[in-house]
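Trainee: Can you keep this structure in mind? I'll have questions shortly.
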Amino acid sequence: MVNVNRTPMELAALASAAIPDLSPTGVVGSPDDPRDFSAAVVFDRQGSRWRVRSPLHEEAAMRLETELQVLSGFTPGIRAGLPFRVPSVAGAVRLDGMRTFVYHDMPGEEMELEDLTELGGKTPDDIGRVIAAVHALPAAVVENADLPVYTADQFRQRRLNELDQAATTGRIPAILLRRWENALEEMELWEFSPVVAHGDLHEDNLLVDQGRLVSVTGWTDLHIGDPAEDFAWLASSGNQEFTDQVVKAYWQHRSGGTVQDGHLLRRAVLAAEFALAQWLVRGIAADDEEMAAEAEAMLQELEADVEEHGGQAISAAPAVAPAAHPQGLAPASTDDPADDDDTGEGTDDDDAVIMDRARAPEQEGTDEAPGADQPVTHDAASEGSEDELVPDELAADEAESGHPSEAVGPDDAEAPDDGDDPEDAEEVSSTQDVSSTEVQEHAEEHGDSENDDAEHGPSGSHAAAPHQEGPPTTALDLDEVRQLDIRRTTNPS
């Protein structure tokens, strides 16, 4: 793993290399997952804002390449039909064998989950409508990007495979392994219709402006699978009333109010709990004992709750109601209240079954992210073009201030001004190469500090530490940035 954190000054230099006409005047660190990315927002002379994301290791780089492929599928027609904005790629630069991406900055700001659930007003309806819109995306967006596609049974088998892998760590309480396995073996729970799922939906990827949800980010895990995955972060929020409001709004926008999946929230709770096991496995695989220990501690807390109170309901089988839940661990509601509160526990004989049972093979992925060697365009890839790398123009209302002058709510959100025809978008055929030594030496000369954003926990589990304020905006002298003498090379090998 590379794990070289880029300072905001370095990221500003990379943005200048990726977009030759960009003249940075300021930069500020931007919240992101510090284990995977360095990120910053760069300001230019026109008052526009650009978000820069630089991967810290190969896995993170593959995620960004995957996101590029996903954004390629968001044609102007699809964007125009969405009740929110999605990122728009402006350029890229290759450093240490991995590409740093520059995006047009999005309207809206991130909010803490607790603050988001307390907004009230149209927020639950906004979130329900956003999730419904994601789940209604055409399958071609996933299929054309060569991303995973699962049937309901394939998705269940994949979870069983992951459960076996997690069990081999020896660090997951047996009561949780039995609880999860019982739910995975309960076929009734897994009778769902697969949809296009965001796969990494949580409060950090939802941007709010003036109380309205206006933008959705984090498109690295898009796939066709279980719709419940996009509700996992809500299932662990501890605010059951808010969660119920979102689910009600979801079904209203998805099917006119008809509940088509009575076990949606049960699987969402399972996904939120199992995210802790996935976080543990990831920490062990990355040889990150701090991450693994953090996940293990959260698993032990969950074990205590299940033992004492029964945990949130993840089984459809009737069971004796457990004791009252502590604050923040209220059981998820279902369409049949009599079915709630099952512990999901099995007998001791279940332990051996977890390891000995034959599994269906998990869908294999490729070693290299789709499009890793393809050129960058404005949300598209182009082959064979010899054009220079140039940014697409911002919409008129954004070019002047860097963000819309008015809040863009779900009823009036517009896609970026890409034109009526996808072919009208400017094509870009090159990724700029830069010297890592030159970038780092320049940053050392100016003593820019590292971005110390709060670390994120497992997606969906709401185990993340609170966000910290980013460093103050650093004013930039354009001559200083250009002193890096970054070499621009078209069509690098």
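Residue numbers for the sequence shown follow our numbering, so the first one is 672 and each next one is one higher.
Even glycine gets a Cβ: it sits at the ideal position worked out from N, Cα and C.
Only a predicted model underlies this, so the values are computations on that prediction, with no experimental measurement involved.
(1) How would you call Gln931, buried or exposed, if buried means at least 16 neighbouring beta carbons within 10 angstroms?
(2) Does DSSP put Met777 in a helix, in a strand, or in coil?
(3) Nearest to Asn910 by CA position, among Asp796, Ser759, His806 and Asp786, is which residue?
(4) How big is the Cα-Cα spacing for Ala903 and Asp692?
(5) Quick check on DSSP: helix, strand or coil for Val695?
(6) Tell me which residue opens and which closes the alpha helix (DSSP H) that Phe913 is part of.
(7) Kindly indicate which residue of Glu729, Ala683 and Asp707 has the alpha-carbon position closest to the one of Val713.
(8) Considering only residues of the same chain and omitting the five flanking positions on each side of Met769, which have a CB-CB separation below 6 Å?
(9) From Asp797, Gly933 and Leu685, pick the residue whose C-alpha is nearest to that of Ala761; which is it?
(10) Measuring CB to CB, does Asp892 end up less than 8 Å from Asp875?
(11) Once DSSP output is grouped into helix, strand and coil, what is the label at Ala1166?
(12) Assign Val675 to one of three DSSP states: helix, strand, or coil.
(13) Would Phe781 and Leu878 qualify as a contact pair, given that the criterion is a beta-carbon distance under 8 Å?
(14) Here's the rule: buried if 16 or more other CB atoms are within 10 angstroms of the residue's CB, otherwise exposed. What is Gly794?
(15) Can at least three beta-carbon pairs, one atom from the region 970-989 and one from the region 834-846, be found at a separation below 8 Å?
(16) Would you call the region 852-870 in contact with the region 798-813, where contact means no fewer than 3 C-beta pairs closer than 8 Å?
(17) For Ala920 and Thr929, I'd like the C-alpha separation in whole angstroms.
(18) Comparing C-alpha positions only, which one of Arg756, Asp796 and Pro865 sits nearest to Pro809?
(19) The alpha helix (DSSP H) with Ser743 in it runs from where to where?
(20) Bridge partners for Phe708 per DSSP, in chain order?
(21) The alpha helix (DSSP H) with Val940 in it runs from where to where?
(22) If you check the beta carbons only, do Ser908 and Thr788 fall under 8 Å apart?
(23) Give me whichever residues DSSP pairs with Ser986 in a beta bridge.
(24) Give me the residue from Val820, Gln949, Tyr774 and Asp897 with the minimum Cα distance to Ser701.
(25) Could you tell me the alpha carbon to alpha carbon distance between Pro819 and Arg829, rounded to whole angstroms?
(26) Taking only runs of the alpha helix (DSSP H) that begin and end inside the region 819-867, which ones reach a length of at least 4 residues, in chain order?
(27) Can you name, in chain order, every residue of its own chain whose Cβ lies under 7 Å from the Cβ of Glu738, other than the five neighbours on each side?
(28) Between which two residues does the beta strand (DSSP E) holding Asp880 run?
(29) Do Arg677 and Ser694 come within 8 Å of each other at the CB atom, strictly closer than that value?
(30) Kindly identify the DSSP beta-bridge partner or partners of His873.
(31) Please classify Gly1169 as buried or exposed, where buried requires at least 16 other C-beta atoms within 10 Å of its C-beta.
(32) Just to confirm, is the Cβ distance from Ala964 to Ile955 under 8 Å?
(33) Where does Ser719 sit, in a helix, a strand or coil, going by DSSP?
(34) Quick one: is Ser926 buried, meaning 16 or more other Cβ sit within 10 Å of its Cβ, or exposed?
(35) Among Gly697, Glu862, Met680 and Leu970, which one has its Cα closest to the Cα of Arg937?
(36) Can you tell which of Met858, Asn815 and Glu978 has the C-alpha that lies nearest to the C-alpha of Ser743?
Mentor: Let me lay it out:
(1) Looking at its Cβ environment, which holds fewer than 16 other Cβ atoms inside 10 Å, Gln931 is exposed.
(2) Coil, per DSSP.
(3) Residue nearest to Asn910 within the set Asp796, Ser759, His806 and Asp786 is Asp786 (criterion: CA-CA distance).
(4) Each residue's alpha carbon lies about 42 Å from the other.
(5) It should be noted that the sequence gives Pro, not Val, for residue 695. Three-state DSSP puts Pro695 in a strand.
(6) First-last of the alpha helix (DSSP H) with Phe913: Gln911 to Ser926.
(7) Selected option, being the one with the closest Cα: Ala683.
(8) Cβ neighbours of Met769 beyond the five flanking positions: Pro726 and Ala732.
(9) The residue with the shortest Cα to Cα distance from Ala761 is Leu685.
(10) For the pair Asp892 and Asp875, the CB atoms are not nearer than the 8 Å cut-off.
(11) Summary: the structure shown does not reach residue 1166, with the chain confined to residues 672 through 1164, and so no result is reported for it.
(12) In this structure, Val675 counts as coil in the three-state DSSP scheme.
(13) Per the sequence shown, the amino acid found at residue 781 is Glu instead of Phe. A Cβ-Cβ contact shorter than 8 Å links Glu781 with Leu878.
(14) Note that residue 794 is Thr in the sequence shown here, rather than Gly. Thr794 should be labelled buried.
(15) Yes: the two stretches touch, three or more of their Cβ pairs being nearer than 8 Å.
(16) Yes: at least three Cβ pairs fall under 8 Å.
(17) Computed Cα separation, rounded: 11 Å.
(18) For Pro809, the nearest C-alpha among the options comes from Pro865.
(19) Where Ser743 is concerned, the enclosing alpha helix (DSSP H) starts and stops at Glu729 to Ser743.
(20) The bridge partners DSSP lists for Phe708 are Pro726.
(21) From DSSP, the alpha helix (DSSP H) with Val940 extends over Leu935 to Ala956.
(22) Taking the C-beta atoms as reference points, Thr788 is found nearer than 8 Å to Ser908.
(23) Partner(s): none; Ser986 has no beta bridge.
(24) When only C-alpha atoms are compared, the closest one is Tyr774.
(25) Spanning the alpha carbons of Pro819 and Arg829 requires a straight line of approximately 11 Å.
(26) Counting only runs of 4 or more, we get 823-838 and 845-856.
(27) Answer for Glu738: Trp890 and Thr891, listed in chain order.
(28) Where Asp880 is concerned, the enclosing beta strand (DSSP E) stretches over Leu877 to Asp880.
(29) With contacts defined by Cβ atoms closer than 8 Å, Ser694 and Arg677 do not form a contacting pair.
(30) For His873, which the question treats as bridged, DSSP gives no partner whatsoever.
(31) The structure shown does not extend to residue 1169, since the chain is modelled only from 672 through 1164, so no value can be given for it.
(32) No. Outside cutoff.
(33) Shown here, Ser719 sits in coil according to DSSP, grouped into three states, outside any helix or strand.
(34) That one is exposed.
(35) Measuring from the Cα of Arg937, the nearest candidate turns out to be Glu862.
(36) Taking each of Met858, Asn815 and Glu978 in turn and checking the Cα distance to Ser743, the smallest one comes out for Asn815.
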